[in-house]
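Novice: At position 45 of the sequence shown (counting the first as 1) the number is 45 in my numbering, and the numbers step up by one without a gap.
Ideal Cβ placement from N, Cα and C applies to all residues, glycine included.
This structure is a prediction, so every number in the text was calculated from the model and none was measured.
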Amino acid sequence: MGARGWFDDPVIDTRDYQIEDEDRVRDLIRNHGWATLVSVADDGAPVASHLPVLLEETPPGDPMSLLGHVGRPDEVLHRLDSGRESLLIVQGPHGYVSPGWYDLTPAVPTWNYVAVHLHCTVELLGPEETYAILSDTVDRYESVLPDPVRLPRVEEYARRIAKGAAGFRLRVVRWQGKAKLSQDKPRAVAERVATALETDPHYAQPALAAEMRAELDRRSDGL
Numbered sequence: 001m002g003a004r005g006w007f008d009d010p011v012i013d014t015r016d017y018q019i020e021d022e023d024r025v026r027d028l029i030r031n032h033g034w035a036t037l038v039s040v041a042d043d044g045a046p047v048a049s050h051l052p053v054l055l056e057e058t059p060p061g062d063p064m065s066l067l068g069h070v071g072r073p074d075e076v077l078h079r080l081d082s083g084r085e086s087l088l089i090v091q092g093p094h095g096y097v098s099p100g101w102y103d104l105t106p107a108v109p110t111w112n113y114v115a116v117h118l119h120c121t122v123e124l125l126g127p128e129e130t131y132a133i134l135s136d137t138v139d140r141y142e143s144v145l146p147d148p149v150r151l152p153r154v155e156e157y158a159r160r161i162a163k164g165a166a167g168f169r170l171r172v173v174r175w176q177g178k179a180k181l182s183q184d185k186p187r188a189v190a191e192r193v194a195t196a197l198e199t200d201p202h203y204a205q206p207a208l209a210a211e212m213r214a215e216l217d218r219r220s221d222g223l
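1. Note the first and the last residue of the continuous alpha helix (DSSP H) segment covering T137.
2. Cβ atoms of H119 and R169: under 8 Å apart, would you say?
3. How would you write the range of the alpha helix (DSSP H) that S98 sits in, first residue to last?
4. Report yes if the CB atom of Y203 is closer than 8 Å to the CB atom of Y113, and no otherwise.
5. Look up K264 in the DSSP assignment and give the residues it is bridged to.
6. What do you get for H50, buried or exposed, if any count of 16 or more other CB atoms within 10 angstroms of its CB means buried?
7. Three-state secondary structure (DSSP) at L151?
8. From V122 to V172, what distance separates their C-alpha atoms?
9. Measuring alpha carbon to alpha carbon, tell me which residue in L87, R26 and V38 is nearest P60.
10. Quick check on W101: buried or exposed, where buried means 16 or more other Cβ atoms within 10 Å of its Cβ?
11. In angstroms with no decimal places, state the Cα-to-Cα distance between S82 and Y17.
12. For the segment 173-189 against the segment 135-145, do three or more pairs of beta-carbon atoms, one drawn from each stretch, fall closer than 8 Å, so that the two count as touching?
13. Closest by CA to I29, which one among A48, T36 and L55?
14. From P127 to S65, what distance separates their C-alpha atoms?
15. Note down, in chain order, each residue of its chain lying with its Cβ closer than 6 Å to the Cβ of Q91, except the 5 sequence neighbours on either side.
16. In or out: L104 buried (at least 16 other Cβ within 10 Å) or exposed?
17. My output table needs one value for P206: the three-state DSSP class, helix, strand or coil.
18. Does DSSP classify S49 as helix, strand or coil?
19. In the DSSP output, what is L28 paired with across the bridge?
20. Identify, in the order they occur along the chain, each residue of the same chain with its Cβ nearer than 7 Å to the Cβ of A35, setting aside the five sequence neighbours on each side.
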């Protein structure tokens, strides 16, 4: 998994960007559930689909497991019933970082981001389990709204269109995570970048700024 951003210094030790805490990965999946599923088709060509995923709350110590769905016939394109390993990419907050925010020279632009690559085996699920995934996905995103819409409210219609979806379970075999959050910069510079990402009229990314401030706190705590 590549760690360097646009115009990064090639002498930087990119191990500073590695995520090693699985709980942090789980939180990323919970909070940023829009992912890219990449598989290899029968002809050897890669195929990708963009889809929402849910983290299953498995017992402590068990491997991570996720639930998702694709529209038919994408389950055939991905060969989700083949037992092959697939790659799921979860992209967290990301954004452009201007050298003008550094108050430091020389400086060039870069891109900060948080992302994780999950290598998974896939289990294709049946109609009832697929419907449950669809219902849980709706609940996940509707729950914060003042008048959430649940599938039971439109069950006849929901069950009819659910036939066009194929649910699956992803069991994580291994993962790699990277959080590139200006760890190579002095603390004062990283704080200026975080402030700019909170307020800049063109490139504000508050969620990325929050990740940077959390990283600064970890640095202060020696984590």
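Specialist: Answer, in terms of the structure:
1. Stepping through the sequence shown from its first residue, residue 137 is reached at position 137. Here the alpha helix (DSSP H) through T137 covers P127 to E142.
2. To locate residue 169, count along the sequence shown from 1; it is residue 169. To locate residue 119, count along the sequence shown from 1; it is residue 119. No, the Cβ-Cβ distance between R169 and H119 is not below 8 Å.
3. As a position in the sequence shown, residue 98 is number 98, starting the count at 1. Run containing S98: none; DSSP gives neither H nor E here.
4. Numbered from its first residue, the sequence shown carries residue 203 at position 203. Numbered from its first residue, the sequence shown carries residue 113 at position 113. Result no, Cβ atoms of Y203 and Y113 do not sit closer than 8 Å.
5. Summary: the structure shown does not reach residue 264, with the chain confined to residues 1 through 223, and so no result is reported for it.
6. In the sequence shown, counting from the first residue as 1, residue 50 sits at position 50. Exposed, since its Cβ has fewer than 16 Cβ neighbours within 10 Å.
7. To locate residue 151, count along the sequence shown from 1; it is residue 151. L151 falls in the helix class under three-state DSSP.
8. Taking the first residue of the sequence shown as 1, we reach residue 122 at position 122. Taking the first residue of the sequence shown as 1, we reach residue 172 at position 172. Their Cα atoms are separated by approximately 9 Å.
9. Numbered from 1 along the sequence shown, position 60 holds the residue referred to as residue 60. Nearest C-alpha to P60: R26.
10. Taking the first residue of the sequence shown as position 1, residue 101 is located at position 101. Buried.
11. Numbered from 1 along the sequence shown, position 82 holds the residue referred to as residue 82. Numbered from 1 along the sequence shown, position 17 holds the residue referred to as residue 17. Distance between the alpha carbons of S82 and Y17: 34 Å.
12. no
13. Counted from its first residue, the sequence shown places residue 29 at position 29. Of the candidates A48, T36 and L55, the one whose C-alpha sits nearest the C-alpha of I29 is L55.
14. Numbered from its first residue, the sequence shown carries residue 127 at position 127. Numbered from its first residue, the sequence shown carries residue 65 at position 65. Cα-Cα distance, rounded: 19 Å.
15. Along the sequence shown, one-based indexing puts residue 91 at 91. Result list for Q91: A115, in chain order.
16. Numbered from its first residue, the sequence shown carries residue 104 at position 104. So L104 ends up on the exposed side.
17. Stepping through the sequence shown from its first residue, residue 206 is reached at position 206. P206: helix per DSSP, three-state reduction.
18. The sequence position of residue 49 within the sequence shown is 49, counting from 1. DSSP places S49 in strand when its eight states are reduced to three.
19. Here residue 28 refers to the residue found at position 28 when the sequence shown is read from its first residue. The partner list for L28 (beta bridge, DSSP) is empty, contrary to what the question assumes.
20. The residue labelled residue 35 in the question sits at position 35 within the sequence shown. Here the set comprises L51, V53, L88, I89 and V90.
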